[in-house]
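Data block below; observations after.
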């Protein structure tokens, strides 16, 4: 079983490199798939298998269970990725849609980025006032305040912030003209990126520190530079992320359940971590963070196959209905409609964590097995294939707004929605449909405005010609 799970990791990476060579797939999609596979599959598998018995980590499941679920998850992902090698892994109707005619210049993009920065600052202030700033406060809020007016309003506001953040991400992969406005646009993107990390990482969201490197890679990939320039810049960014991020991740992880970290705390903890065996400590943190296979084994083994049924999908279907209209609507993905029934919370309680703030990562195939049993994996593969086709189509389109929708489905920096369970896919696709409806109305309004302008110009030309003849 060990050999099989290791071979599957090499097969996954080989499959992604094969997809990267396809002319029918956006070059950004295999890059993101590579990061996702590396984080949530290859790194936890390699560290657990190769360092088995050498790291002091409390195991909630036995080693054979870890291997079984790692094999199942890896094989399911491999089957899904294979469909991207087909001749047409995209939807022509989306790439050639008339909605792609909605053009946003650098000035309009700059205004969008500034709006995103403003909304992000306002969100951070509101969350600090109504929720708190520590990791414990943020997780406990969703449990203790479920159904409250604050819970409902912040949820809608957070969705707006997410869409604006996705617009900023899309700006990184767009090739902008060489003009003065572009410089200000790039400065605004840098400010947005720094603020995103500063506002999230000190509260315990360590994975936010990966976002600058991901965005740097995507930005370099989109530029008409030489391969040497791209590799050099991405390499320097990778080294900086590993060196600085490793120390900060350990420091932040040690203070997750305390108050929000300040600069003195970070410097003190970072200095201490650098003096200790940082490699061993970082390996433990990586396994703890990215090993979703062990957590998934707890979900399926203790809660049972097919336990959740269709209940998680009721909340997903109702996701478009604002809580201001339907305050009692069920939580998407929950088997009992409340935050207590969300699988990441259920497993956390099973592991002895706090019911209020406990939250762990789970693998999508295991969630599907928990919902419908092992036959549900067939449905999951089909849903994720269509999902990846949609993302590829949006990334291949020339529209900046379409690329923004692609990043909404991708879910940087955790990439948990790039490949996920069908209930989450359903919820996100409903929101994409709503965005398409908005773009359709916007395109119709702009088109009618253009027709009126052309009619006025033709009328003015005709009147001038008649006046000249007279």
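Numbering (my numbering), first residue to last: 1 to 470.
Just so you know, even glycine gets a beta-carbon here, dropped at the ideal spot from N, CA and C.
Beta carbon of residue i nearer than 8 Å to that of residue j
i: residue 130; j: residue 150; result: yes
i: residue 106; j: residue 217; result: no
i: residue 351; j: residue 167; result: no
i: residue 210; j: residue 241; result: yes
i: residue 102; j: residue 395; result: no
i: residue 159; j: residue 171; result: no
i: residue 371; j: residue 308; result: yes
i: residue 330; j: residue 318; result: yes
i: residue 90; j: residue 384; result: no
i: residue 410; j: residue 32; result: yes
i: residue 208; j: residue 197; result: yes
i: residue 94; j: residue 397; result: yes
i: residue 362; j: residue 428; result: no
i: residue 405; j: residue 435; result: yes
i: residue 123; j: residue 161; result: yes
i: residue 360; j: residue 305; result: no
i: residue 284; j: residue 16; result: no
i: residue 120; j: residue 69; result: no
i: residue 67; j: residue 2; result: yes
i: residue 28; j: residue 200; result: no
i: residue 298; j: residue 44; result: no
i: residue 320; j: residue 228; result: no
i: residue 144; j: residue 356; result: yes
i: residue 233; j: residue 443; result: no
Same chain only: Cβ atoms within 8 Å of residue i, ignoring 5 sequence neighbours per side
i: residue 18; result: 85
i: residue 224; result: 175
i: residue 12; result: 37, 41, 42, 74, 77, 78, 81
i: residue 358; result: 139, 345, 348, 349, 351
i: residue 179; result: 106
i: residue 449; result: none
i: residue 446; result: 102
i: residue 219; result: 172, 173
Alpha helix (DSSP H) segment containing residue i, residue limits
i: residue 174; result: Here residue 174 belongs to no alpha helix (DSSP H), and DSSP marks it neither H nor E.
i: residue 63; result: 63 to 82
i: residue 225; result: No alpha helix (DSSP H) contains residue 225, which DSSP labels as neither H nor E.
i: residue 348; result: 343 to 350
i: residue 123; result: 106 to 130
i: residue 25; result: Counting along the chain, residue 25 falls outside any alpha helix (DSSP H), and DSSP gives it neither H nor E.
i: residue 193; result: 180 to 200
i: residue 45; result: 43 to 50
i: residue 17; result: 2 to 20
i: residue 302; result: 292 to 303
i: residue 404; result: 400 to 410
i: residue 372; result: 364 to 372
i: residue 385; result: 376 to 396
i: residue 313; result: 311 to 317
i: residue 92; result: 92 to 95
Closer than 7 Å: residue i CB and nearest the ligand HEM heavy atom
i: residue 292; result: Only the bare structure without any ligand can be found here, which leaves the ligand HEM out of the picture.
Close Cβ partners of residue i (< 7 Å) along its chain, the five nearest in sequence each way excluded
i: residue 4; result: 71
i: residue 169; result: 215, 407, 412
i: residue 25; result: 19, 84, 89, 392
i: residue 313; result: 423, 426
i: residue 116; result: 164, 165, 167, 168, 192
i: residue 300; result: 366, 369, 370
i: residue 322; result: 156
Same chain only: Cβ atoms within 6 Å of residue i, ignoring 5 sequence neighbours per side
i: residue 420; result: 364
i: residue 333; result: 312, 342, 423
i: residue 521; result: With the chain running from 1 to 470 in the structure shown, residue 521 is simply not present.
i: residue 237; result: 213, 216
i: residue 373; result: 305, 306
i: residue 39; result: 290
Report task. Determine contact between the segment 42 to 50 and the segment 289 to 305, defined as no fewer than three beta-carbon pairs at a distance below 8 Å. Result -> yes
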